[in-house]
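Peer 1: Got a structure for you, questions after.
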Amino acid sequence: MVNTTEQQAYSAPDKAGRYGEYGGRFVPETLMPALLELEEAYREAKEDPAFVEQLDHYLKDYVGRENPLYFAERLTEAAGGAKIYLKREDLNHTGAHKINNAIGQALLAKRMGKTKIIAETGAGQHGVATATACALLDMECIVFMGAEDIRRQELNVFRMELLGASVVSVSQGSATLKDAVNEALRYWVANVSDTHYVIGSALGPHPFPEIVRDFQRVIGVETRRQILEKEGRLPDAVVACVGGGSNSIGMFHPFVEDQAVALYGVEAAGSGLETGKHAAALTGGRPGALHGAYMYLLQDEAGQIEEAHSISAGLDYPGAGPEHSHFRDTGRVTYTSVTDEQALEALKMLSRKEGILPALESSHAVHYAVELASGMSSEEIVVICLSGRGDKDVITVREALKGGNGDV
Amino acid sequence: MSEITKAILEAREAGGCAFVPYIMAGDGGLGRLKEDLLFLQEAGATAVELGIPFSDPAADGPVIQEAGLRALGAGTTLKAVIEEVKAIGDEVHIPIIFMTYLNPVLSYGMAGFANDCQEAGIAGVIVPDVPFEESEPLEDCLRMNGIDLIRLIPLSAPEDRIRKIAEAAEGFIYAVTVDGITGVRDSFGGTTDGRLERLKDIADIPVLAGFGISTPDQVRDFGRLADGVIVGSAIVDALHRGDKEPIQKLIGSAKDIAVPAE
Chain R
1 MVNTTEQQAY SAPDKAGRYG EYGGRFVPET LMPALLELEE AYREAKEDPA
51 FVEQLDHYLK DYVGRENPLY FAERLTEAAG GAKIYLKRED LNHTGAHKIN
101 NAIGQALLAK RMGKTKIIAE TGAGQHGVAT ATACALLDME CIVFMGAEDI
151 RRQELNVFRM ELLGASVVSV SQGSATLKDA VNEALRYWVA NVSDTHYVIG
201 SALGPHPFPE IVRDFQRVIG VETRRQILEK EGRLPDAVVA CVGGGSNSIG
251 MFHPFVEDQA VALYGVEAAG SGLETGKHAA ALTGGRPGAL HGAYMYLLQD
301 EAGQIEEAHS ISAGLDYPGA GPEHSHFRDT GRVTYTSVTD EQALEALKML
351 SRKEGILPAL ESSHAVHYAV ELASGMSSEE IVVICLSGRG DKDVITVREA
401 LKGGNGDV
Chain X
1 MSEITKAILE AREAGGCAFV PYIMAGDGGL GRLKEDLLFL QEAGATAVEL
51 GIPFSDPAAD GPVIQEAGLR ALGAGTTLKA VIEEVKAIGD EVHIPIIFMT
101 YLNPVLSYGM AGFANDCQEA GIAGVIVPDV PFEESEPLED CLRMNGIDLI
151 RLIPLSAPED RIRKIAEAAE GFIYAVTVDG ITGVRDSFGG TTDGRLERLK
201 DIADIPVLAG FGISTPDQVR DFGRLADGVI VGSAIVDALH RGDKEPIQKL
251 IGSAKDIAVP AE
């Protein structure tokens with residue numbers, strides 16, 4: 001199934017869960033036995049053909065993989081440069097890449113004999129994906145969500161409840177995603193014996209960043225195979241958005257050793273990096289420890305974590321995962337950022353040109369990729385990871401556009 | 001012998017158990033820190049655990065979370081706390097132990113932090129998000145400055161892990177009596193006792209019990225099993241309300257435990 005050129009020399013993380021100097025396990029002692037148990041269970045599961053087969057089965061018949069790598073001809077024309085392909089994660093069941101990891105981790109938890117799943121969610125996409133996986137596998141599910149996000153994403157809360165999950169409102173701190181993670185960690189510490197924490201992004205203590213990456217790698221593995229089939233060669237550039245970094249790390253990882261393939265991670269610049277109201281940890285932050293990992297973070301001079309700002313709730317997190325932090329320092333991935341306004345433009349553009357309404361998160365990648373493609377030749381190829389669909393965002397988009405000139 | 005170990009053993013020899021109150025630095029403003037420390041010293045505290053506020057205190061319950069937010073709101077920083085402790089000087093002679101999450105320390109610079117703690121007379125440091133596997137760099141910096149890295153051991157941990165951490169521990173072992181976060185609890189499920197005694201057998205330095213201890217009865221119960229107790233949320237709450245009587249009662253309860261003859 002996997003191309004042999006994928007036998008990579010790049011092999012992070014090391015045994016301590018480090019990607020260069022990033023990652024690690026910065027958690028209370030009470031969680032350490034659970035992390036060590038998880039690490040061992042994951043190693044075993046990965047090597048067990050029955051587990052791999054079970055996961056493949058759900059990814060194919062339930063999630064709907066493999067999803068297409070679509071040549072966006074009209075978007076290509078509009079950009080006026082390189083050929084643009086879209087990896088259609090938006091066509092997955094539940095509408096985003098999050099389900100790849102949620103099903104993988106829920107299967108793993110079940111195999112470990114855990115009966116309860118907890119998760120954090122910002123916009124609600126990871127919460128919905130986890131609630132979905134729990135319904136499918138008959139597991140109890142509790143989703144922690146900031147009170148502010150619950151207000152903003154009322155419909156997703158209802159979706160999770162329809163799927164049988166309990167949604168816990170978190171009013172501590174800034175009442176957003178980072179506070180939901182804190183509260184999920186607090187719950188996990190107190191219930192670690194029967195509970196697995198399905199972290200939704202390539203974040204958290206080792207082995208989570210590795211597990212999430214591995215379950216999301218299917219994106220890049222399929223893309224690589226599909227572009228070779230369609231074009232007979234690898235793309236010149238691959239572009240994906242980065243919040244915590246799960247769709248991007250899954251997309252990038254199978255290309256890491258292909259030095260001719262340029263990789264671009266696009267962060268949320270919110271109102272603009274210069275305004276301080278953004279979510280660009282890699283381009284506008286510095287390293288520190290939060291939620292179990294050493295990684296790039298938005299923080300003040302005294303090391304207090306700052307709130308992130310983005311129109312896209314899925315990118316609204318003050319850190320970027322440890323492997324991205326490592327790739328930033330080594331230069332293997334180029335990180336850049338796109339503002340709320342630019343993302344909205346890209347969302348409209350893709351809707352009009354291709355009849356595809358992208359998630360606000362993915363729209364960040366679309367904006368940068370179009371700009372990039374316009375400066376490249378028509379012989380060259382750019383692939384965008386279209387991580388999710390935009391149906392969840394229509395109310396936000398409508399409000400944002402009305403707040404501007406009212407013009408759609 | 002470590003200053004902290006010595007203070008705990010003295011409390012034991014006096015017929016009671018050690019009592020270490022936790023307070024949040026900067027709750028109510030740093031200006032009241034000296035007064036609070038002197039009050040606790042006067043009331044008979046063995047040492048003080050001084051919390052540094054952090055924006056994302058994932059190991060703390062609601063009482064300490066809120067105290068932290070109040071302290072941050074008052075502009076409290078790690079640097080300002082170190083300077084204040086240094087300025088307070090010798091008048092407070094009981095050991096002061098910092099309890100801080102890792103990121104403020106990283107931001108400060110680990111070596112500089114250890115050095116400045118030493119200059120301020122800090123005796124020990126507790127970092128709840130640094131488990132055994134990640135502790136070496138911090139331990140090295142602190143050791144060079146004669147400061148104890150106080151390690152937490154959950155009573156639920158597997159025995160080989162308990163042994164490994166106990167062997168590396170300095171000052172005292174902070175026994176985490178329940179799986180969970182800091183905060184008041186009514187009951188301990190009755191499973192703690194055997195485990196705490198086993199940990200005491202393994203340890204060759206004092207063992208203090210913490211997390212969820214909030215009443216004089218609980219202080220006496222744990223004080224008989226361990227070498228002492230750490231009380232956080234109940235103290236933070238009382239100080240915030242400006243009610244010192246429950247604190248005096250709690251500390252007093254550690255003085256009159258009837259220790260069974262060994």
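Taken in order, these protein sequences are the chains called R and X. The first sequence: position 148 = 148 (the UniProt record's numbering), numbered continuously. The second sequence: position 18 = 18 (the UniProt record's numbering), numbered continuously. Where is the CB? At the ideal position from N, CA and C, for every residue including glycine.
Can you list, in chain order, the residues of its chain with a C-beta nearer than 7 Å to that of G204(R)? Leave out the 5 residues immediately preceding and following it.
Peer 2: One-based indexing of the first sequence puts residue 204(R) at position 204. For G204(R), where only same-chain residues beyond five positions count, the Cβ hits under 7 Å are H291, G292, A293.
Peer 1: Looking at chain X, which residues of the stretch 188-222 of chain R have a Cβ within less than 7 Å of any of its Cβ atoms?
Peer 2: Hits within the stretch, in order: V189, A190, V192.
Peer 1: If we count Cβ pairs, one from each stretch, closer than 8 Å, do we get three or more for the stretch 326-333 of chain R versus the stretch 310-317 of chain R?
Peer 2: The stretch 326-333 of chain R, when compared against the stretch 310-317 of chain R, does not touch it at the 8 Å Cβ threshold.
Peer 1: From which residue to which residue does the alpha helix (DSSP H) around K34(X) run?
Peer 2: Position 34 of the second sequence, counted from the start, is the residue given in the question as residue 34(X). 33-43 is the extent of the alpha helix (DSSP H) around K34(X).
Peer 1: Answer yes or no: do P21(X) and V231(X) have a C-beta to C-beta separation smaller than 8 Å?
Peer 2: For the purposes of this step, residue 21(X) is identified with residue 21 of the second sequence, where counting begins at 1. For the purposes of this step, residue 231(X) is identified with residue 231 of the second sequence, where counting begins at 1. Cβ distance < 8 Å, so P21(X) and V231(X) count as in contact.
Peer 1: Could you list which residues in chain X have their beta carbon closer than 8 Å to that of M32(R), in chain order?
Peer 2: To locate residue 32(R), count along the first sequence from 1; it is residue 32. Under the 8 Å cutoff, chain X gives P131, F132, E133, A157, R161.
Peer 1: Could you name the residues of chain R that Q41(X) contacts, counting a contact when the two beta carbons are closer than 9 Å?
Peer 2: Against the second sequence, residue 41(X) aligns to sequence position 41. Per Cβ cutoff of 9 Å: no residues; Q41(X) is ~28 Å from chain R at best.
Peer 1: Less than 8 Å between the C-beta atoms of V242(R) and V266(R), yes or no?
Peer 2: On the first sequence, residue 242(R) is found 242 positions in, with the first residue counted as 1. On the first sequence, residue 266(R) is found 266 positions in, with the first residue counted as 1. A contact, by the Cβ cut-off of 8 Å.
Peer 1: What does the alpha-carbon distance come out to for the pair V178(X) and I8(X)?
Peer 2: Within the second sequence, the letter at position 178 stands for residue 178(X). Within the second sequence, the letter at position 8 stands for residue 8(X). Using only the alpha carbons, I get a separation of about 22 Å.
Peer 1: Would you report the Cα separation of V366(R) and A12(R), rounded to the nearest angstrom?
Peer 2: Here residue 366(R) refers to the residue found at position 366 of the first sequence. Here residue 12(R) refers to the residue found at position 12 of the first sequence. V366(R) and A12(R): Cα-Cα distance of roughly 29 Å.
Peer 1: Figure out for me which residue from G44(X), Y101(X), F39(X), E119(X) has the closest Cα to the Cα of T77(X).
Peer 2: Here residue 77(X) corresponds to residue number 77 of the second sequence, with the count starting at 1. Nearest of G44(X), Y101(X), F39(X), E119(X) to T77(X), Cα basis: Y101(X).
Peer 1: Assign H57(R) to one of two classes, buried (16 or more other C-beta atoms within 10 Å of its C-beta) or exposed (fewer than that).
Peer 2: Position 57 of the first sequence, counted from the start, is the residue given in the question as residue 57(R). The residue in question, H57(R), is exposed, as its Cβ has fewer than 16 Cβ neighbours within 10 Å.
Peer 1: If the cut is a Cβ gap below 7 Å, which residues of chain R does T77(X) touch?
Peer 2: For this step, residue 77(X) is matched to residue 77 along the second sequence. Correct list: A302.
Peer 1: I'd like the ranges of any beta strand (DSSP E) spanning at least 3 consecutive residues and lying wholly in the stretch 147-230 of chain X.
Peer 2: Runs of the beta strand (DSSP E) inside the stretch 147-230 of chain X: 151-154, 173-176, 207-210.
Peer 1: I need the straight-line Cα distance from G190(X) to I384(R), nearest angstrom please.
Peer 2: Residue 190(X) sits at position 190 when you count from the first residue of the second sequence. Residue 384(R) sits at position 384 when you count from the first residue of the first sequence. Reliability of the predicted coordinates at G190(X) is poor, the pLDDT of 47 falling under 50, and no value is obtained from them.
Peer 1: Closer than 8 Å, CB to CB, is G180(X) near chain R or not?
Peer 2: What you label residue 180(X) is simply residue 180 of the second sequence in a count that begins at 1. Chain R, which has a Cβ nearer than 8 Å to the Cβ of G180(X), makes this yes.
Peer 1: List, in chain order, every chain X residue whose beta-carbon is nearer than 8 Å to that of V63(R).
Peer 2: Here residue 63(R) refers to the residue found at position 63 when the first sequence is read from its first residue. The contacting residues do not exist; V63(R) stays about 32 Å from chain X at best.
Peer 1: By alpha-carbon positions, which one of G220(R), E229(R), S246(R), E140(R) ends up nearest to Y197(R)?
Peer 2: Within the first sequence, the letter at position 197 stands for residue 197(R). Looking at the Cα atoms, E140(R) is the closest of the given residues.
Peer 1: Please classify G29(X): is it buried, with 16 or more other beta-carbons within 10 angstroms of its beta-carbon, or exposed?
Peer 2: To locate residue 29(X), count along the second sequence from 1; it is residue 29. Exposed, since its Cβ has fewer than 16 Cβ neighbours within 10 Å.
Peer 1: By how many angstroms is the C-alpha of A18(X) removed from the C-alpha of Q218(X)?
Peer 2: Here residue 218(X) is taken as the residue at index 218 of the second sequence, counted from 1. Here residue 18(X) is taken as the residue at index 18 of the second sequence, counted from 1. Approximately 13 Å between the Cα atoms of the pair.
Peer 1: Rounded to a whole number of angstroms, what is the C-alpha to C-alpha distance between S156(X) and E341(R)?
Peer 2: For the purposes of this step, residue 156(X) is taken as the residue at position 156 of the second sequence. For the purposes of this step, residue 341(R) is taken as the residue at position 341 of the first sequence. Looking at the two C-alpha atoms, the distance is approximately 51 Å.
Peer 1: Check the Cβ of K178(R) against every Cβ in chain X and list those closer than 9 Å, keeping chain order.
Peer 2: For the purposes of this step, residue 178(R) is taken as residue 178 along the first sequence, with counting starting at 1. Under the 9 Å cutoff, chain X gives S55, D56.
Peer 1: Could you list which residues in chain R have their beta carbon closer than 7 Å to that of Q218(X), in chain order?
Peer 2: Looking up residue 218(X) in the second sequence gives position 218. Simply none; closest approach about 18 Å.
Peer 1: When DSSP builds the beta bridges, which residues end up paired with S166(R)?
Peer 2: The residue given as residue 166(R) occupies position 166 in the first sequence. DSSP, once it has assigned bridges, lists I142(R) as partnering S166(R).
Peer 1: Starting from Q65(X), find everything on chain R with Cβ-Cβ shorter than 9 Å and list it in chain order.
Peer 2: Residue numbering aside, residue 65(X) sits at position 65 when the second sequence is read from its first letter. Those are Q172, G173, N182, listed as they occur along chain R.
Peer 1: Just to confirm, are I96(X) and V48(X) a CB contact at a threshold of 8 Å?
Peer 2: Residue mapping note: residue 96(X) aligns to position 96 of the second sequence, counting from 1. Residue mapping note: residue 48(X) aligns to position 48 of the second sequence, counting from 1. Yes, they are a contact pair.
Peer 1: Of all the alpha helix (DSSP H) runs that stay within the bounds of the stretch 226-297 of chain R, which reach a length of 4 or more residues?
Peer 2: Counting only runs of 4 or more, we get 246-252, 281-284.
Peer 1: Please list, in chain order, all residues of the same chain as E354(R) whose beta carbon is under 7 Å from its beta carbon, the five residues on each side excluded.
Peer 2: Translated into the one-based positions of the first sequence, residue 354(R) becomes position 354. So the qualifying residues of the chain are A72, R74, L75.
Peer 1: Check for me: the beta strand (DSSP E) holding residue 264(X) runs from which residue to which?
Peer 2: The structure shown has nothing for residue 264(X), since chain X only spans 1 to 262.
Peer 1: In chain X, which residues lie less than 8 Å from L290(R) when you measure between Cβ atoms?
Peer 2: In the first sequence, residue 290(R) corresponds to position 290, counting from 1. Within chain X, the residues near L290(R) are D56, N103.
Peer 1: Which complete beta strand (DSSP E) runs does the stretch 299-336 of chain R hold, if anything under 3 residues is left out?
Peer 2: Within the stretch 299-336 of chain R, no complete beta strand (DSSP E) run reaches 3 residues.
Peer 1: Would DSSP call F98(X) helix, strand or coil?
Peer 2: Counted from its first residue, the second sequence places residue 98(X) at position 98. Strand.
Peer 1: Write down the C-beta distance between D27(X) and R70(X) rounded to the nearest angstrom, noting that I regard them as a contact closer than 8 Å.
Peer 2: Indexing the second sequence from 1 puts residue 27(X) at position 27. Indexing the second sequence from 1 puts residue 70(X) at position 70. The pair is a contact, with the Cβ atoms about 5 Å apart (cut-off 8 Å).
Peer 1: So, is the C-beta of P28(R) closer than 8 Å to a C-beta in chain X?
Peer 2: For this step, residue 28(R) is matched to residue 28 along the first sequence. Yes, its Cβ sits closer than 8 Å to a Cβ of chain X.
Peer 1: Comparing C-alpha positions only, which one of A302(R), Y70(R), A82(R), S171(R) sits nearest to M376(R)?
Peer 2: Residue numbering aside, residue 376(R) sits at position 376 when the first sequence is read from its first letter. It is A82(R) whose Cα lies nearest to the Cα of M376(R).
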